[in-house]
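There are 2 protein chains.
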Amino acid sequence: MKTLEILGRSGVSRIVIGSSIGQLEEFCNLERSVIITDQTVRGLHGDLFPQCAVIEIGEGEESKTLKTVEWIYERFLELEVDRSTLVIGIGGGIVCDVTGFTASTYNRGIHFGFVPTTLLAQVDASIGGKNGVNFQRYKNLIGTINQPEFVLCDFDLLKTLPLSELKNGFAEVIKHGLIGDARLFSFLEEYGKKVLDLEPEAIERVVSDSLNVKARIVNMDEMEKGERRKLNFGHTIGHAIEKITGIKHGMAVSIGMVVAARLSQDKSMLSTRETQRIETVLKEFGLPLEIKAGKEAIIDAIKKDKKRTGHEINFVLLNGIGNAEVVPVRIKELEEVMDDLCQYR
Amino acid sequence: MKTLEILGRSGVSRIVIGSSIGQLEEFCNLERSVIITDQTVRGLHGDLFPQCAVIEIGEGEESKTLKTVEWIYERFLELEVDRSTLVIGIGGGIVCDVTGFTASTYNRGIHFGFVPTTLLAQVDASIGGKNGVNFQRYKNLIGTINQPEFVLCDFDLLKTLPLSELKNGFAEVIKHGLIGDARLFSFLEEYGKKVLDLEPEAIERVVSDSLNVKARIVNMDEMEKGERRKLNFGHTIGHAIEKITGIKHGMAVSIGMVVAARLSQDKSMLSTRETQRIETVLKEFGLPLEIKAGKEAIIDAIKKDKKRTGHEINFVLLNGIGNAEVVPVRIKELEEVMDDLCQYR
């Protein structure tokens, strides 16, 4: 078991790695607590939950709305939730995002923490303090940045995840290696199979190293004014692909990372050998390298997302494996790289 | 013109005292800005607004809801508001509270500032970073604490206010003197008439001193963990009276301050002479000293508000004029003081 700390504006956030949900009471005061979760998670792990009131929200992006948040406020009033209450989100990214936003805005902010149950939530969504909900067709348009008091990562919870959901998380683990930890990336190259099999030591190592990268970056720049943008590596293209094709976040980010790696290579920031190593690891983890969409639709979506009409877009590129840098890229350069990667022209 | 600063978690908030709305551009970048206001304020001062999009919200507590907030999000999308936009709330407490919450949650927080148009908003509501909306029958249940980037206090705007609205603000000015600035209180005693007549030097002095007290306290304790509670002087009883009788905030707080002063006197923290001085000033500013409600209803409302069933309640009392202290008070003591002040038994 390891502990990391994030020093946010609102206080210290403690990330406990490799503990068990049964030990929750060691890290927080459960006397007056309320759990927010969903039906699937409760069905799989409900017998491990501490004894307290449970609020069950709907599943999927369509539940990540202000309507759900208002519905939780109402439950909070029924349960007489006040500033002495601790709210615990137990679930994947959606449960964590909704829990964080609701707790951050009820009574102008009450105590909250997370037990993330997916790999993606453990290595990414649950830490960093970003929370929120979708509004109309915009993802995460409404939210705040407010750190949870604790995040407890229990690897046993990952055993019930389908492979596709694990891959979703591994894309972010690979990203963390690429932008900030070359040794983590080498470990993934060497021990990919052990990691995919969730061998205890291997999974602890990669989740822990991955969280280290994210915690280090968030500690430097909680409010996303500079350094934190590096966490968007693979995400500019990734979000556009996700929107257009509807594939899972991790899959889309994988393709986004390939595009960013090739752009880095074109700018002589990354060697051909390094680009190959990246593509090999992504493949090993069952992640896609090619885009099943036309480049025009993707570039349009990027321009809209960034509200940019100019000829350049700021991109996170790699200056060698383990080292990210924000670099302006001409749309033309981007189109050239994408010509090689788009299956449909 | 004077400037004060509040150092919040999210950055520096600059309070400009005695400037004019026409000089707004000296304090902020108006290039990409959006105004939130209401019909009355726009009608009175709209010709002074900078040239930009205006969003007009409804008036009164019934407009201070999540529905209004969602409606503003929609306008923001239409106006292509993004992280480079500055949102300016021009109006009273409700406009400031709603603007602050909407801007703090859109895109996980965008730039915002205030031009408060009521005395109450200038000396109280617009500074300190508390924002939010009502939910069901609970005032300000949903909100955050997030400082505006600037607050511009233009005293000319106060000239259109009805006397009852001015009194509403003076109750908070008197409170600020009582809890943190004995000289401000003496000034109010001596120059009450000049202040009530809004004589430029007098009003600048009292608004400025009043904001100084609030800024000092918020700087010490933005998140209301200790020191900031002193700002609740007169408000424990005040909120209960406001809820039960429906009288204006300032009027209710005035009575709350009388109760708190008498409790302080009973505990030998305040002399009889000091209590008299307080009551004289409140009267001079046209504020009420007596309660037009039965004490039981008020005490019930307090217990509910504080979710307390015990025999004691924490009260902000005065240890001499200009010096506040949080002290536990027995319900019985409170009842005795209220027996003298309630017109209906």
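Chains L and Z supply the protein sequences, listed in that same order.
Mapping of the first sequence onto our numbering: position 209 corresponds to residue 209, and the numbering continues sequentially without gaps.
Converting from the second sequence to our numbering requires adding 1000 to each position, the first position being numbered 1.
Positions of the beta carbon are idealized from the N, C-alpha and C atoms, including for glycine.
Buried versus exposed, by CB contacts within 10 Å (16 or more), residue i
i, result
"A1182 of chain Z", "exposed"
"R228 of chain L", "buried"
"G226 of chain L", "exposed"
"R345 of chain L", "Unreliable positioning characterises R345 of chain L in this predicted model, as indicated by a pLDDT of 48, which lies under 50. The coordinate reading is nonetheless provided below. So R345 of chain L ends up on the exposed side."
"V1034 of chain Z", "buried"
"L163 of chain L", "exposed"
"Y106 of chain L", "buried"
"L211 of chain L", "buried"
"Q1276 of chain Z", "exposed"
"I1321 of chain Z", "buried"
"H311 of chain L", "exposed"
"N146 of chain L", "buried"
"R262 of chain L", "buried"
"L7 of chain L", "exposed"
"E1149 of chain Z", "buried"
"M1220 of chain Z", "exposed"
Start-to-end residues for the alpha helix (DSSP H) that takes in residue i
i, result
"T40 of chain L", "Q39 to H45"
"I1278 of chain Z", "T1272 to E1284"
"Y1073 of chain Z", "L1066 to E1078"
"Y1191 of chain Z", "A1182 to L1196"
"R216 of chain L", "P200 to M220"
"V1346 of chain Z", "As shown, chain Z starts at 1001 and ends at 1345. That puts residue 1346 of chain Z outside it, with no answer to give."
"I1237 of chain Z", "H1235 to T1245"
DSSP bridge partner residues for residue i (one or two, in chain order)
i, result
"K1330 of chain Z", "Reading off the sequence shown, one finds Arg at residue 1330 of chain Z, where the question assumed Lys. In the DSSP output, where bridge partners are listed per residue, R1330 of chain Z has Z:E1312."
"H1111 of chain Z", "Z:L1086"
"K225 of chain L", "Answer is none; K225 of chain L lacks a bridge partner."
"P116 of chain L", "L:G91"
"C153 of chain L", "L:I17"
"F135 of chain L", "L:Y138"
"I1035 of chain Z", "Z:V1054 and Z:I1088"
"K1304 of chain Z", "Beta-bridge pairing links K1304 of chain Z to no other residue."
"A1171 of chain Z", "Answer by DSSP bridge pairing: none, since A1171 of chain Z is not bridged."
"A1324 of chain Z", "Z:L1318"
"I298 of chain L", "Answer is none; I298 of chain L lacks a bridge partner."
"C342 of chain L", "L:I291"
"I1145 of chain Z", "Z:K1130"
Opening and closing residue of the beta strand (DSSP E) in which residue i lies
i, result
"T3 of chain L", "K2 to G8"
"K292 of chain L", "That residue, K292 of chain L, is in no beta strand (DSSP E); it is neither H nor E in DSSP."
"G346 of chain L", "With chain L covering 1 to 345 only, the question about residue 346 of chain L has no answer from this structure."
"K1139 of chain Z", "Y1138 to I1142"
"A1053 of chain Z", "A1053 to I1057"
Top-ranked residue by Cα proximity to residue i, from the options
i, options, result
"H176 of chain L", "L:I110, L:L196, L:E61 and L:R216", "L:R216"
"G60 of chain L", "L:G129, L:K304, L:S268 and L:N134", "L:N134"
"I127 of chain L", "L:R108, L:K139, L:I94 and L:R42", "L:I94"
"M1223 of chain Z", "L:C342, L:L77 and L:G109", "L:G109"
"D1234 of chain Z", "Z:E1172, Z:Q1136 and Z:A1301", "Checking the sequence, you will find Gly at residue 1234 of chain Z rather than Asp. Cα-wise, what sits closest to G1234 of chain Z is Z:E1172."
"L196 of chain L", "L:F112, L:V218 and L:G169", "L:G169"
"I1072 of chain Z", "Z:K1002, Z:S1084, Z:E1062 and Z:V1054", "Z:V1054"
"I1241 of chain Z", "Z:P1328, Z:K1292, Z:V1213 and Z:L1231", "Z:K1292"
"G1250 of chain Z", "Z:G1192, Z:D1221, Z:E1201 and Z:T1118", "Z:T1118"
"K193 of chain L", "L:E284, L:T37, L:K64 and L:D340", "L:E284"
"A1232 of chain Z", "Z:E1204, Z:F1076 and Z:V1218", "The sequence given here has Asn at residue 1232 of chain Z, not Ala. Per the Cα distances, Z:V1218."
"V16 of chain L", "L:F27, L:S10, L:R9 and L:G22", "L:F27"
"M257 of chain L", "L:I203, L:L24, L:E335 and L:L317", "L:L317"
"V123 of chain L", "L:Q265, L:R42, L:E189 and L:F155", "L:F155"
"V1327 of chain Z", "Z:L1341, Z:F1114, Z:A1252 and Z:Q1265", "Z:Q1265"
Next on the checklist: Using a Cβ-Cβ cutoff of 9 Å, what residues of the segment 117 to 143 of chain L are near chain Z? List them in chain order.
Outcome noted: K130, N131, G132, F135, Q136, Y138, N140, L141, I142 and G143
Item to check | Near-chain L residues of the segment 1186 to 1219 of chain Z (beta-carbon distance less than 9 Å), N- to C-terminal order | outcome: none
Next on the checklist: Give me the subset of the segment 1090 to 1107 of chain Z whose CB atoms are less than 9 Å from a CB atom of chain L, sorted by chain position.
Outcome noted: F1101, S1104, T1105, Y1106 and N1107
Checklist entry - If contact means a Cβ-Cβ distance below 8 Å, which residues of the segment 63 to 80 of chain L contact chain Z? => result L66, E70, Y73, E74, L77 and E80
Item to check | Members of the segment 6 to 17 of chain L that neighbour chain Z once the beta carbon cut-off is set at 9 Å | outcome: G8, R9, S10 and G11
Next on the checklist: Under 7 Å, CB to CB, which of the residues in the segment 144 to 156 of chain L have a partner in chain Z?
Outcome noted: T144 and I145
Next on the checklist: Closer than 8 Å between beta carbons: that is the criterion. Which residues of the segment 152 to 183 of chain L meet it against chain Z?
Outcome noted: none
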